[in-house]
Structure formats: structure tokens, C-alpha cells
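Engineer: Protein sequence lines, in the order shown, are assigned to chains W and V. Taking the working numbering, the leading residue of the first sequence gets 1, the next gets one more, and so forth. Taking the working numbering, the leading residue of the second sequence gets 1, the next gets one more, and so forth. Don't be surprised by glycine CBs; every beta carbon is placed ideally from N, CA and C.
There are 2 protein chains.
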Amino acid sequence: MNEPTGLRARKKARTRDAIADTAVSLFLERGFDRVSVNDIAAAAEISKPTLFRYFPTKEDLVLHRFADHQGEAARVVRDRSSATTPVTALHRHFRAGLDRYDPVTGLNDHPQVVAFHRLVFTTPSLAGRLTRYQLEDEEALADALGEGIQARLRAAQVLAIQRVLARANWQKIADGRTARDVHPEALADADQAFNQLR
Amino acid sequence: MNEPTGLRARKKARTRDAIADTAVSLFLERGFDRVSVNDIAAAAEISKPTLFRYFPTKEDLVLHRFADHQGEAARVVRDRSSATTPVTALHRHFRAGLDRYDPVTGLNDHPQVVAFHRLVFTTPSLAGRLTRYQLEDEEALADALGEGIQARLRAAQVLAIQRVLARANWQKIADGRTARDVHPEALADADQAFNQLR
DNA sequence: GTTACTCGGTTAAAAAAGCAACTCGGTTAT
DNA sequence: ATAACCGAGTTGCTTTTTTAACCGAGTAAC
Chain W
1 MNEPTGLRAR KKARTRDAIA DTAVSLFLER GFDRVSVNDI AAAAEISKPT
51 LFRYFPTKED LVLHRFADHQ GEAARVVRDR SSATTPVTAL HRHFRAGLDR
101 YDPVTGLNDH PQVVAFHRLV FTTPSLAGRL TRYQLEDEEA LADALGEGIQ
151 ARLRAAQVLA IQRVLARANW QKIADGRTAR DVHPEALADA DQAFNQLR
Chain V
1 MNEPTGLRAR KKARTRDAIA DTAVSLFLER GFDRVSVNDI AAAAEISKPT
51 LFRYFPTKED LVLHRFADHQ GEAARVVRDR SSATTPVTAL HRHFRAGLDR
101 YDPVTGLNDH PQVVAFHRLV FTTPSLAGRL TRYQLEDEEA LADALGEGIQ
151 ARLRAAQVLA IQRVLARANW QKIADGRTAR DVHPEALADA DQAFNQLR
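(1) Just checking: is the beta-carbon of V/SER82 within a distance shorter than 8 Å of some beta-carbon in chain W?
(2) If the cut is a Cβ gap below 7 Å, which residues of chain W does V/SER36 touch?
(3) Excluding sequence positions up to five away, which residues of its chain have a Cβ less than 7 Å from the Cβ of V/SER47?
(4) May I have the straight-line CA-CA distance separating V/ASP109 from V/VAL62, to the nearest angstrom?
(5) Would you tell me roughly how many angstroms separate the C-alpha atoms of V/ALA140 and V/ALA67, rounded to the nearest one?
(6) Considering only residues of the same chain and omitting the five flanking positions on each side of W/ARG95, which have a CB-CB separation below 7 Å?
(7) Round the Cβ separation of V/PRO103 and V/VAL113 to the nearest angstrom and send it over; I've been treating them as touching at under 8 Å.
(8) Over the uninterrupted alpha helix (DSSP H) stretch that includes V/GLU139, give me the two end residues.
(9) Tell whether a beta-carbon distance below 8 Å holds between V/VAL182 and V/LEU130.
(10) Measuring CA to CA, which of V/PHE116, V/PHE52 and V/THR5 is closest to V/VAL24?
(11) Leaving out five residues on either side along the sequence, give the residues of the same chain with a beta carbon under 8 Å from the beta carbon of V/LEU126.
(12) Return the residue from the list V/ARG53, V/ALA179, V/VAL158 and V/THR122 that minimises the CA-CA distance to V/PHE27.
(13) With a threshold of 6 Å on Cβ separation, who are the neighbours of V/ALA151 within its own chain once the five nearest residues in sequence on each side are excluded?
(14) Just to confirm the assignment, what range does the alpha helix (DSSP H) spanning W/GLN70 have?
(15) Less than 8 Å between the beta carbons of W/LEU7 and V/GLU45, yes or no?
(16) Please compile the residues from chain V whose C-beta is within a distance smaller than 7 Å of the C-beta of W/LEU7.
(17) Which one of W/ALA156, W/THR105 and W/GLN192 has the shortest CA to CA distance from W/ALA179?
(18) Would V/LEU197 pass as a contact of V/GLN162 if the rule is Cβ separation under 8 Å?
(19) Go ahead and label W/GLY97 buried or exposed: buried means 16 or more other beta carbons lie within 10 angstroms of its beta carbon, across all protein chains shown.
(20) How would you label V/ALA13, buried or exposed, when you count the other beta carbons within 10 angstroms and need 16 or more for buried?
(21) One question on the structure: do V/THR22 and V/ALA43 come within less than 8 Å of each other, judged by their Cβ atoms?
(22) Going by Cα to Cα distance, which pick from V/ALA83, V/ALA20, V/GLN70 and V/VAL35 is closest to V/TYR54?
(23) Can you check whether the CB of V/ASP175 is closer than 8 Å to the CB of V/GLN70?
(24) In angstroms with no decimal places, state the Cα-to-Cα distance between V/MET1 and V/VAL76.
(25) When DSSP labels each residue in this structure, what does V/HIS93 get in the three-state scheme?
(26) In chain order, what residues of the same chain lie with their CB nearer than 7 Å to the CB of V/VAL37, ignoring the 5 residues before and after it?
(27) May I ask you to report which of helix, strand or coil DSSP gives V/ARG80?
(28) Does the Cβ-Cβ distance between W/ALA193 and W/LEU153 come in under 8 Å?
(29) Can you round the beta-carbon distance between V/LEU90 and V/ALA74 to whole angstroms, since I take them to be within the 8 Å contact cut?
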């Protein structure tokens with residue numbers, strides 16, 4: 001089912017990772033606006049056009065990690081067994097994310113992850129662009145949920161509570177608590193939030 | 001003074017080194033004939049045509065280290081100060097090589113270097129091709145020494161004694177002695193050989 | 001108020017690399 | 001003996017990358 005992993009594909013993936021990694025580490029070190037794309041290209045030992053062939057904008061160098069989760073909610077809904085409702089499927093999926101301390105749930109205390117979140121949310125252009133991603137995600141989820149305004153509303157609500165939950169988790173960890181410590185509350189919060197939707 | 005070191009040139013040099021290094025280490029590990037160029041290409045993560053774009057033949061993967069010294073004798077003669085004879089210049093150059101334990105003098109006991117020499121001299125196709133390199137070297141030296149048969153004879157003699165000296169040094173080291181131990185004899189042998197030429 | 005930077009992003013042409021399929025000589029199997 | 005295979009190189013075509021030059025917006029200098 002996975003890609004045939006030719007030489008070309010392998011190198012491409014590696015280059016992509018190398019670019020993003022050096023970019024993020026430079027950003028964490030000096031701040032998003034204090035690093036030019038030229039710096040990144042030089043540090044990653046590639047040319048500027050190559051950089052933009054891999055990532056459409058400077059922001060995407062950071063946000064591709066979210067982009068990789070693009071459409072995940074929609075997929076979860078589409079792939080659910082016919083016996084479960086969309087909300088239940090999303091609820092379970094979010095709980096599973098919490099259980100494996102998935103960074104997107106905000107429940108992760110690895111210093112790198114924390115610093116990364118800080119970078120994203122304290123840099124206006126990044127936070128701004130992130131909402132655009134979330135909008136696309138929302139549309140996809142809406143399509144998966146059905147037609148009309150009802151589907152759109154439900155999609156918006158689901159993603160809104162996910163954002164709130166993630167933000168709450170991240171805040172507690174930013175306050176110095178460990179992910180393992182926060183985990184039960186996070187589960188409880190998630191249950192409460194999703195149950196309100198039904 | 002050095003090459004302008006663009007991105008292209010840097011990567012090219014690195015790829016070249018990477019290919020040669022993986023090739024030699026595979027050869028040392030399993031023997032020259034037990035490693036196919038496909039193996040090398042796979043291990044170096046490049047395609048076969050790319051390998052042959054960097055090295056014309058399989059043998060050159062090993063011998064490029066000698067090729068890099070190509071024309072060195074001729075250069076030494078050409079670059080000598082006008083006050084010194086060609087033979088003296090070559091003599092001094094060889095002594096300098098001994099002093100820094102240059103692998104081409106045979107006076108080097110690093111295990112890798114010894115193993116490398118063993119690989120070259122015990123693999124027929126490699127030893128064979130090496131003589132071709134030496135021939136070109138000889139021609140270049142002859143041209144630097146002047147015209148006619150005299151120059152060619154002198155060139156052949158100089159390179160012949162260098163080969164003999166290197167071989168003698170290598171033999172002593174292959175017998176288990178250290179380079180530092182052999183060094184005085186190597187100097188004496190070189191002096192004797194070059195003085196006979198004058 | 002031009003001038004001259006810098007920075008994000010693009011373009012066109014040329015070099016380099018990948019891929020697949022091939023030649024050609026030599027072994028091995030049948 | 002002939003077919004099948006393997007290994008060193010090659011060839012033609014496509015994809016990727018470099019290079020240098022550019023655009024357009026912002027901004028600092030004078």
C-alpha cells in the first residue's frame with residue numbers, strides 16, 4: 001500500500017525533512033522573522049528555488065506538520081464503521097490522540113514540542129496562516145458530514161472544541177505540569193466537550 | 001585562490017567522495033571482485049549511470065587516489081627554482097613525502113592504508129590499471145624534463161626508483177614494523193637511489 | 001523624494017541525477 | 001549447444017536542482 005520507495009522518492013522525502021528541520025531549528029533559535037529564507041536555504045545546502053519547490057511559503061516550513069494532518073477529521077468520519085455516529089468517531093479519535101500524547105492534542109511536554117507550539121502561537125503570521133489550514137480542514141469535514149448549512153455548523157463546532165481542548169492542554173503544560181499528570185483531566189474535558197455535542 | 005565553491009561544486013565533490021569511500025570500504029570488506037557496481041551504487045544511494053558519470057571504470061573507484069597525484073612529478077620539476085636540478089627537486093619532494101608519511105611513499109602504517117595497498121597490489125585488474133596511470137605520469141614527467149629520448153629515459157628511471165622505494169617501504173611495514181621505525185632507512189635508501197641518478 | 005537595501009517569491013535555461021532498457025562478454029544450467 | 005543469467009558500461013528520456021536574474025513590497029539613508 002505504501003509508496004514503492006525508489007531512489008528518487010527516498011531522497012525527496014529526506015530533502016524535505018532536512019529543509020523543514022533546519023528551518024524549524026533556526027526559527028526556534030532566533031525567531032521566525034529573524035531568519036530569512038536565504039539563511040534556511042544556505043543552512044540546508046539547497047538553492048532558494050528548490051526550497052520553494054518543496055514548500056510554497058515560508059510559513060509552510062513550520063506549518064507543514066499541521067498540513068500533514070490535513071483532512072484527518074474528514075477521513076475519520078468517512079472511515080468510521082456504519083454503526084458509529086460521526087461525533088463518536090471523532091471523539092474516539094481524539095481520545096486515541098491523547099493516549100499517545102499526539103502533539104496536535106496539545107498534550108505533550110517534550111521541550112521541542114512545547115517550544116514549537118510557542119513559536120507557532122506567538123508568531124502572528126504563523127498563527128494567521130494556521131487558521132487558514134483549519135478552515136480548509138473544516139470544509140473537508142463539512143463535506144464528509146453531508147450537505148447544507150447543518151453539516152457546516154457541526155463541522156465548525158467539532159473543530160472549535162478540538163482547538164479549545166488542545167489549547168487548554170497546552171496551557172497547563174506551559175504552566176509547568178507534565179503531560180502524564182494532565183492526561184486524566186484532558187480525557188475528562190474531552191468527554192465533556194464531545195458529549196455536549198450530542 | 002581556491003575554486004569558487006558554489007553549491008553545485010560542493011555537492012559534486014561530496015558525492016564523489018561518498019561514492020569512492022563506500023566503494024573502497026566495501027572492497028576492503030569483501031574483496032574487489034565480490035562487490036558489484038550495483039552494490040556500490042545501492043550502498044552509496046545513487047544510480048548506476050551516476051556512478052559512471054563520476055568514475056569511468058570500476059577500477060577508478062579505487063585508483064582515483066593515485067590519479068589525484070597524477071602529474072605530480074612533472075609539476076615538481078616545472079615548479080622548481082631555477083637553481084635546483086630536476087633530480088634534486090624530485091629527491092627533495094620524495095624526502096618531504098617520507099617526512100609526512102605520505103601513503104604514496106609506502107611509508108605509512110595506518111591499518112586502513114596498509115589494507116588499501118594490499119587491496120590494490122593483490123587484485124590483478126587494479127595492479128594492471130595502476131601501471132597505466134604510471135605510464136601517463138611518466139610521459140608527463142618526460143615532457144617536463146625536455147624533449148627526445150634522453151628525457152624519457154630519465155623520467156622512466158626516476159619513477160622506477162620511486163616505485164622500488166615505495167615497494168620496499170611497504171614491504172617492511174607489511175612485515176610488521178612501524179613507519180617511524182622504518183623512516184631512517186627509508187631516507188637512506190632514497191638518498192642512495194637518487195644520488196645514483198646524478 | 002529618490003536611491004538603494006533587504007526579503008519573500010518567481011522564472012528560464014542549463015547541469016545533474018534517476019530510471020529503464022539496452023549492449024556485450026563471460027558463467028552456469030540444461 | 002543453447003538458453004538463461006550476471007556484471008560492467010551505455011543510451012535516451014524524464015525529473016530534479018542549480019544558477020542568475022528578476023519582480024514587488026517595505027524601509028532606511030540622505
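Structural biologist: On the basis of the data shown:
(1) It does not: the Cβ of V/SER82 has no partner Cβ on chain W nearer than 8 Å.
(2) Result: empty, since nearest Cβ-Cβ is about 17 Å, beyond 7 Å.
(3) Close CB contacts of V/SER47 within its chain, under the 7 Å cut and outside five residues either way in sequence, are with ALA41 (chain order).
(4) Whole-angstrom Cα-Cα distance: 19 Å.
(5) As the crow flies, the alpha-carbon of V/ALA140 is around 13 Å from that of V/ALA67.
(6) So the qualifying residues of the chain are LEU187 and ALA190.
(7) The beta carbons of V/PRO103 and V/VAL113 sit about 5 Å from each other, so the pair counts as a contact at 8 Å.
(8) Per DSSP, V/GLU139 belongs to the alpha helix (DSSP H) from 124-145.
(9) No, they are not a contact pair.
(10) Residue V/PHE116 is the option with its Cα nearest to V/VAL24.
(11) Counting only Cβ-Cβ distances below 8 Å, and skipping sequence neighbours, we find PHE32, GLU59, VAL62, LEU63, LEU119 and VAL120.
(12) The option with the nearest alpha carbon to V/PHE27 is V/THR122.
(13) Closer than 6 Å at the Cβ level, and outside the excluded window around V/ALA151, lie ALA142 and LEU145.
(14) Looking at the DSSP string, W/GLN70 is not in any alpha helix (DSSP H), and its letter there is neither H nor E.
(15) A contact, by the Cβ cut-off of 8 Å.
(16) Those within 7 Å of W/LEU7 in chain V are GLU45 and SER47.
(17) Out of W/ALA156, W/THR105 and W/GLN192, the CA that lies nearest to the CA of W/ALA179 is found in W/THR105.
(18) Pairing V/LEU197 with V/GLN162 gives a Cβ-Cβ distance that is not under 8 Å.
(19) W/GLY97 should be labelled buried.
(20) Burial call: exposed.
(21) Cβ distance < 8 Å, so V/THR22 and V/ALA43 count as in contact.
(22) Relative to V/TYR54, the option among V/ALA83, V/ALA20, V/GLN70 and V/VAL35 whose CA is nearest is V/ALA20.
(23) No, the pair does not count as a contact, with Cβ atoms beyond the cut-off.
(24) Confidence in V/MET1 is poor, its pLDDT being 49 and thus under 50, which makes the residue's placement unreliable; the coordinate value appears in the next sentence. Computed Cα separation, rounded: 19 Å.
(25) DSSP places V/HIS93 in helix when its eight states are reduced to three.
(26) So the list reads LYS48, LEU51 and LYS58, once near-sequence residues are dropped.
(27) If DSSP states are grouped into helix, strand and coil, V/ARG80 belongs with coil.
(28) Going by beta carbons, W/ALA193 and W/LEU153 fall outside the 8 Å limit.
(29) So it is not a contact: roughly 10 Å between Cβ atoms.
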